[in-house]
Amino acid sequence: MPDAAPQTFDEVFNIVKSEAVVAFTDLRQGVMETARIVIVHQMRQIATAVWDVMEGLAAGDYTPEGAAELLDMARRAAATAISGATELLYSEVQAAVTRIYNALMNAVAGTVKTALGAVL
């Protein structure tokens, strides 16, 4: 026999809450770790670029203007990579919210069918 349709707000909420926990646990274990790795890697690259430029300035390899341009290029490259990771997070959050919404709609649909069946 299939599960009975939820009859109360709490029953509907528990279904949605359970789906939310699963959806966001999946999100945290997958894409969040990928984004963290990307962001940490980019921070390391920026730190390396700053250090290299400082050494180059000290050695006379770069002009102050050239050093500023190199640092700006490193900043823009990191911003682009981090933006990509952020967009990935955004897409995955949207998918998780859609998953939760679908669980809610399925729970409510079952309740409505049960209510209509009782009335008809």
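Numbering-wise, my numbering comes out as the position in the sequence shown, counting from 1, plus 5. Backbone N, C-alpha and C define an ideal beta-carbon position, used for all residues, glycine too. The model shown is predicted, which means the values in this text are computed figures rather than measured ones.
For residue 47 and residue 81, what's the separation of their Cα atoms in angstroms?
Note on geometry: alpha-carbon atoms of residue 47 and residue 81 lie some 11 Å from one another.
Residue 112 and residue 17 closer than 7 Å at C-beta:
Closer than 7 Å, so yes.
Taking the C-alpha atoms as reference points, what is the distance between residue 121 and residue 10?
Computed Cα separation, rounded: 12 Å.
Out of 70, 22 and 55, which one is the CA nearest neighbour of residue 106?
Of the candidates 70, 22 and 55, the one whose C-alpha sits nearest the C-alpha of residue 106 is 22.
Through-space distance from residue 35 to residue 25, alpha-carbon basis:
Annotation: residue 25 to residue 35 spans about 15 Å, alpha carbon to alpha carbon.
In three-state terms, what does DSSP make of residue 106?
DSSP places residue 106 in helix when its eight states are reduced to three.
Three-state secondary structure (DSSP) at residue 11?
Here residue 11 sits in coil by DSSP.
What three-state label does DSSP hand residue 66 in the structure shown?
If DSSP states are grouped into helix, strand and coil, residue 66 belongs with coil.
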